[in-house]
Amino acid sequence: MVSHDLHKFHQNQVSMIFIMLRRGVLHSGFVGVVVLMLGGCGFHLEGLGTLPNAMTLTYLESDKSYTDFYISMRNALRTNGSSLVSSPGEAGAVLKILDDSTGQRVLSVSARNTPREYEVFYAVTFSLQVGAQSLIPSESLIVTRSYTYDETRVLGKSAEERDLRRALADDLVRQVLRRIQVSQPRSPSG
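Numbering-wise, this note's numbering comes out as the position in the sequence shown, counting from 1, plus 917.
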């Protein structure tokens, strides 16, 4: 609980700094001190972590390069310092997206037998090959969220469902990256 409160405190500090920067209130020297203080207490931007060195050059393999998950994963890898290459032979690591699927199911219906609540799911199966070593054999992850359905607001609900699918894809990407980070081979001295 204390860690969560501390994280929220740091998020609020960072938000205030950006607001003040936009208004031109802070001087560059003060900003430098604040950044050093935040770094000293362990603060780091969410989603950034250490990928294996072999992932500097990564081949992202998928049959579906147009899905929300693929696009989000491609962007996240680039953000985390990976350069995506066009063939597995050029890569230090091959991240294979073996399955990338999404859908929905009815959770509850009204007295008139019309859907009232849906559950949206997103599932991926992936593997990671680093050199000749299979760092992560085939592994599956699934995330779900529910939303209520109002037949009088169909257009709004389809946009909500689309946004929900993107959020689920982003959540899966964060989970895959965390899984990759914890699967890194440890050095014998560590």
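Every residue, glycine too, gets a C-beta built ideally from N, C-alpha and C.
The structure displayed is predicted, hence computed values, not measured ones.
Please say whether residue j and residue i have beta carbons closer to each other than 9 angstroms?
i	j	result
Ser1100	Ile1053	yes
Thr1031	Ser999	no
Gln1098	Thr996	no
Just verifying my parser: in three-state terms, what is the DSSP assignment at residue i?
i	result
Arg1096	helix
Gly1006	helix
Thr1061	strand
Tyr987	helix
Asp1080	helix
Val1090	helix
Lys981	coil
Ala971	helix
Gly1020	strand
Arg1029	coil
Taking 7 angstroms as the limit between beta carbons, can you name the residues of its chain near residue i, skipping five residues before and five after?
i	result
Ala971	Gly1009, Ala1010, Val1047, Gly1048
Val1024	In the sequence as presented, Val is not what sits at residue 1024; that position holds Leu. So the qualifying residues of the chain are Glu1034, Tyr1035, Glu1036, Ser1063.
Leu1015	Thr1042, Phe1043, Ser1044, Ser1055
Considering Cα atoms alone, identify which of the options is closest to residue i.
i	options	result
Phe1043	Leu974, Tyr987, Thr967, Tyr983	Tyr987
Ala1040	Ser1055, Val1002, Glu1068, Gly1020	Gly1020
Val1037	Lys1074, Ser999, Glu1078, Leu974	Glu1078
Arg1062	Thr975, Glu1068, Arg1083, Ala1028	Arg1083
Val1093	Arg1029, Glu1056, Leu1024	Glu1056
Arg1029	Leu1081, Thr967, Asp1016, Glu1068	Glu1068
Arg1033	Thr967, Arg1096, Thr1065, Leu1015	Thr1065
Ser1075	Ser1025, Tyr1035, Pro1005	Tyr1035
Pro969	Ser1004, Val1026, Gln1050	Gln1050
Exposed or buried, which one is residue i when buried takes at least 16 other CB atoms within 10 Å?
i	result
Tyr983	exposed
Ala1086	buried
Asp1017	buried
Ser1004	exposed
Enumerate in chain order the residues of its own chain whose CB-to-CB distance from residue i is below 8 angstroms, with the five nearest sequence positions on each side excluded.
i	result
Lys1013	Glu978, Ser979, Phe1043, Ser1044, Leu1045, Gln1046
Val1090	Phe986, Ser989, Met990, Ala993
Glu1007	Leu974, Tyr976
Using C-beta distances below 6 angstroms, list every residue in its chain close to residue i, excluding the 5 sequence neighbours before and after it, in chain order.
i	result
Arg1022	Glu1036
Asp1088	Val1060
Val1002	Leu974, Tyr976, Ala1008
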